[in-house]
Amino acid sequence: MAKKFKEVSVDLLYARIDPETLGFDTTASLAPPEEGVVAQDRAIEAIKFGMGMKDVDYNIFVAGQPKTGLTYIARTFLEKAAKEEPTPPDCCYVYNFKEPDSPNYLSLTAGRGKELQKSMEQFVQTLQAKIPEVFDSEDYSAKEAEVHQGFERQRREIIDALSQRAKEEGFILQFSQVGMVIVPATEDGQPMSQEELSQLPEEKKQELREKSDNLQKEMNDAIKEIRKAETAFREKHSKLDAEIAMYVVGHLMETLEEQFKDEQEVLEYFKEVQADILENIDDFKKKPEAQAPAAPMPMPPKEVTFRKYDVNVLIDNSETEGAPVIIESNPSYPNLFGSIERQAYFGALFTDFTMIKPGALHKANGGYLVLKALDLLKYWISWEALKRAIKDRQIKIEDLGELYGIFSTRTLKPTPVPLNVKLVLTGDPYLYQLLYIYDDRFPKMFKVKAHLDTEVDNTEDNLKQGACVMSKFCVEQGLRHVTNDGVARVLEYSMEVTGDREKLTLKLADVSDLLKEANYFAGEDKLDFINSEHVQRAIDKK
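For the sequence shown, numbering that gives the first Met the number 0 gives the first residue as 0, with consecutive numbering after it.
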């Protein structure tokens, strides 16, 4: 007996949505979803947990099918939540006076990095102008002359005493290019010639030799005394220079220390700067020369003597609100970890701490770094280095050429920056499983998995949230807003994609593409809003 099948009406297969039940005329009147995303409660809870766990091993893997808006959802939620978190400090590199090849890392309150950079520049410029003036002053000239005259007086007394002693023994003290010389004298006080000396009796010659030997010892003692006096003179002169320089440097440094009294690392840096300036005060005695006209050939950087007092502001968070959220679409090694640039000068390459450039890890430090897992795995060097950075909890800027032995030119080794970043990888669930099984470090690093759904129940609340997401898309992508009948048609299409009248698709990329195409047709019709006819035309054209 043939089975009887009950005919199913079209209304039971396909759900129509009445635009009037949506409660708005256009999406222009709708606010964005509270969480920034729609109907991903399970994933959002996982992301919240991962953000709340401040341990660096609790990084987040957002897993989901293509077109579910992995990166969009991660960025949208993170940016909203990160604004409530504290802003991380600025990051600067400065010259290391003890180890010039290892620039020092400074951490300052957000926004103070540029302030330090500008203050140090003005400080050095002021010293270059003030110190030559002080050393050209009459007061300094008088004190310097007094120290010099004291040394000359002492030296003259030593030489006069030696000259008198030589005269008493029948010799003359002479000065030549090789130093002081003692020669026998005639009765009228003139130097004795070799001919006169040879005509003397042997006994007289022997007597002169003995006297000459004794005088030579006295002369050596006198030379030692003069050298001691010279050493004392240099010490007095250096002390005078230091006192004069300290008068200028000390007053300016006190102003800087007061300005940055809450920055302990900066205060330690100021001590090293002051000690170096006083040690190399001669470099500041020259008046700065006028700027030369631009030359056609490449010019070297400004003199290292003054360049070393520069401040390289690696990360400036003066305009950052809350914690940073950085999305790196090309996670190559330099893009992640930064680089040390070089400049060419007459065929030679040179570098210094001012040419250190930041990577995405520096920019995201204190916040969140979002990466596509597949893009990251294409750069195996970046992946291995990233795992090492998380393990060591520090960011090292290393030269790839030197790291892998490509070339062995001398380069810098900057002090590592402490790492405090939350990594957010996005990718396919299958990729997550592969990494979990075959990479022993992965489960230890990514202890939070946020799994995105591809469908959501067709409820009144989810329909309204879907309309709010469309409003957000229109604002972010510069599209026309959508009328209520246009939204209704998009939501109906969302059910068509799932093949189930009880479900709505969460493949946000499909919804976004549909709105972009409908916006094109609305533009052709020269209308201000996207309506259901434009949405239908976009669907028909697929």
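Glycine included, each C-beta is placed from N, C-alpha and C at the ideal position.
DSSP, reduced to helix, strand and coil, places Pro417 within a strand of the structure shown. Note that the stretch 240 to 251 does not touch the stretch 90 to 98; fewer than 3 beta-carbon pairs, one per stretch, sit closer than 8 Å. In the structure shown, Pro18 adopts helical secondary structure according to DSSP, grouped into three states.
Residue burial is scored here from C-beta neighbours: Phe349 has fewer than 16 other C-beta atoms within 10 angstroms and is therefore classed as exposed. Assignment of beta-bridge partners to Cys90 by DSSP yields Ser106 and Ile314. For Glu6, the three-state secondary structure derived from DSSP is coil. In the three-state scheme derived from DSSP, where H, G and I count as helix and E and B as strand, Tyr13 is classed as coil.
Counting the other Cβ atoms within 10 Å of the Cβ of Leu105 gives 16 or more, which makes it buried. Of all alpha-carbon atoms in Leu430, Phe528 and Asp439, the one lying nearest the alpha-carbon of Glu383 is that of Asp439. Collapsing the DSSP output to three states places Met179 in a strand. By the neighbour-count criterion, in which a residue is buried when 16 or more other Cβ atoms sit within 10 angstroms of its Cβ, Val9 is exposed. Ile389 counts as buried, since no fewer than 16 other beta carbons sit within 10 angstroms of its beta carbon. In the DSSP assignment, His236 falls within the alpha helix (DSSP H) that extends over Glu201 to Gln258. The straight-line gap separating the alpha-carbon atoms of Asp456 and Gln64 is approximately 18 Å.
The beta carbon of Leu430 sits closer than 7 Å to those of Ala372 and Leu373, all from its chain and outside the five residues before and after it, given in chain order. At the C-beta level, Tyr57 and Lys448 stay beyond 8 Å of one another. DSSP, reduced to helix, strand and coil, places Phe23 outside both helices and strands of the structure shown, so it counts as coil.
The stretch 162 to 181 makes no contact with the stretch 267 to 279: fewer than 3 CB pairs, one atom from each, lie closer than 8 Å. Here DSSP, grouped into helix, strand and coil, assigns Thr304 to helix. No Cβ-Cβ contact shorter than 8 Å links His250 with Leu313. Leu161 and Ala231 have their C-alpha atoms some 21 Å from each other.
Taken in chain order, the complete alpha helix (DSSP H) segments of 4 or more residues contained in the stretch 407 to 480 are 428 to 437, 441 to 444 and 459 to 476.
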